[in-house]
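What follows is one structure encoded as structure tokens, with my remarks underneath.
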Amino acid sequence: MSYLAPAEFVTKMVDAGESKIYMGTRDALIRAFMAGGILAIAAVFAVTVTVQTGSAILGAALFPVGFCMLYLMGFDLLTGVFVLTPLALFDKRPGVTLSAVLKHWGVVFVGNFLGALLVAFLMAIVFTYGFSTPPSKVGEMISHIGENRTLGYKEYGAGGMLTIFIRGVLCNWMVSLGVVGAMISTTVSGKVIAMWMPVMLFFAMGFEHSIVNMFLFPSALIMGGNFSVMDYMIWNEIPVVLGNLVGGLSLTGLTLYTTHVRTAPKRSFS
């Protein structure tokens, strides 16, 4: 059967979280590095399509190709492990501790960031012909994205910080549904369709994804974007990471786990 019932795939989620925690550091780092790089390439693709066609919705519709590629290859994004690994802790799997979960998050964060940073540097070379010309139209658009989504939030103070956090929450609610969606089918086409829908939605809505931002903002800084590293960290990356954690874990991971694994007692009408 190509479709798994919720009770079956939620158990797979817990199993996947446990296996990731026990994964060797080298493998976790390599898989995270590749995931960050591939997602960065997908972001470049989406921006390029938007610039070439003038249609942001078309860029958003095509962006999920990178997400599908990396998950079919077994690579890991921080936004996905935020959802899966805590479930193994809540399920009291043997040997799974809070420190092990946090260590795995740290390894994946570093791997994702290094992969995205490499692509940021390589694409900056492409956009500027080896830093010998001003950025191309795509590079210029990426620079403006970096400015608008750091200084643009900073302008509104606490309201801007709340907005970026909420956009991070909503983003990983959708992205984590894509991660889980890959588990509900045993066919490649079924996995791709299930992943594609929520990822397209998050990108089209302009929600904030911490790994996509690990590419966009360093890339903008490399090409002379008018904001600082501290602007990027304080007014984007840190609140987005926290929002991604809260959204993915609370709105996807825990809701599915609670209602399909730790179900409430059935009602009695006697």
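The numbering used here puts the first residue of the sequence shown at 1229, with every later residue one more than the last. We treat Cβ as the ideally placed atom computed from N, Cα and C, and that holds for glycine.
Quick one: is residue i buried, meaning 16 or more other Cβ sit within 10 Å of its Cβ, or exposed?
i: residue 1426; result: buried
i: residue 1332; result: buried
i: residue 1248; result: buried
i: residue 1261; result: buried
i: residue 1446; result: buried
i: residue 1323; result: exposed
i: residue 1439; result: buried
i: residue 1497; result: exposed
i: residue 1416; result: exposed
i: residue 1313; result: buried
i: residue 1285; result: exposed
i: residue 1448; result: buried
i: residue 1231; result: exposed
i: residue 1246; result: buried
If you draw a straight line from the alpha carbon of residue i to that of residue j, how long is it in whole angstroms?
i: residue 1399; j: residue 1308; result: 12 Å
i: residue 1388; j: residue 1493; result: 43 Å
i: residue 1325; j: residue 1435; result: 31 Å
i: residue 1369; j: residue 1329; result: 37 Å
i: residue 1489; j: residue 1276; result: 43 Å
i: residue 1352; j: residue 1373; result: 15 Å
i: residue 1418; j: residue 1410; result: 8 Å
i: residue 1294; j: residue 1495; result: 44 Å
i: residue 1251; j: residue 1367; result: 37 Å
i: residue 1279; j: residue 1321; result: 48 Å
i: residue 1451; j: residue 1348; result: 10 Å
i: residue 1266; j: residue 1403; result: 15 Å
i: residue 1470; j: residue 1394; result: 10 Å
i: residue 1270; j: residue 1287; result: 10 Å
i: residue 1355; j: residue 1422; result: 33 Å
i: residue 1461; j: residue 1414; result: 39 Å
i: residue 1420; j: residue 1233; result: 17 Å
i: residue 1458; j: residue 1358; result: 26 Å
i: residue 1363; j: residue 1371; result: 9 Å
i: residue 1392; j: residue 1272; result: 22 Å
i: residue 1376; j: residue 1491; result: 44 Å
i: residue 1477; j: residue 1385; result: 27 Å
Please name the residue, chosen from the options, that lies closest to residue i on a Cα-to-Cα basis.
i: residue 1274; options: 1292, 1334, 1424; result: 1292
i: residue 1239; options: 1408, 1448, 1263; result: 1408
i: residue 1319; options: 1486, 1428, 1381, 1421; result: 1486
i: residue 1378; options: 1355, 1444, 1421, 1303; result: 1444
i: residue 1297; options: 1366, 1234, 1231, 1406; result: 1406
i: residue 1345; options: 1263, 1359, 1429; result: 1263
i: residue 1316; options: 1242, 1265, 1453; result: 1242
i: residue 1479; options: 1311, 1343, 1266; result: 1311
i: residue 1258; options: 1305, 1371, 1431; result: 1305
i: residue 1339; options: 1356, 1255, 1284; result: 1255
i: residue 1442; options: 1467, 1268, 1365; result: 1268
i: residue 1302; options: 1233, 1456, 1244; result: 1244
i: residue 1474; options: 1396, 1390, 1342; result: 1396
i: residue 1253; options: 1363, 1424, 1335, 1361; result: 1335
i: residue 1380; options: 1455, 1481, 1246, 1337; result: 1455
i: residue 1463; options: 1343, 1383, 1365; result: 1383
i: residue 1466; options: 1283, 1482, 1341; result: 1341
i: residue 1468; options: 1361, 1290, 1283, 1401; result: 1401
i: residue 1365; options: 1300, 1433, 1484, 1281; result: 1281
Report the three-state DSSP secondary structure of residue i (helix, strand or coil).
i: residue 1438; result: helix
i: residue 1186; result: Residue 1186 lies beyond the stretch modelled for the chain, which goes from 1229 to 1498, so this question has no answer here.
i: residue 1496; result: coil
i: residue 1413; result: strand
Are any of the Cβ atoms in chain D nearer than 9 Å to that of residue i?
i: residue 1264; result: The structure shown contains no chain D, having only a single protein chain.
Is residue i near the ligand ADP, with its Cβ less than 8 Å from a heavy atom?
i: residue 1461; result: Annotation note on the ligand ADP: not contained in the displayed structure, which lists no ligands.
Whole runs of the beta strand (DSSP E) within the region 1326-1399, excluding any shorter than 3 residues = Counting only runs of 3 or more, we get nothing.
Can you check the region 1265-1333 for any beta strand (DSSP E) of at least 3 residues that lies completely inside it and give the ranges in chain order?
-> none
Would you mind listing the alpha helix (DSSP H) stretches within the region 1459-1485 that are 4+ residues and don't spill past its ends, in chain order?
-> Listed in chain order, they are 1466-1476.
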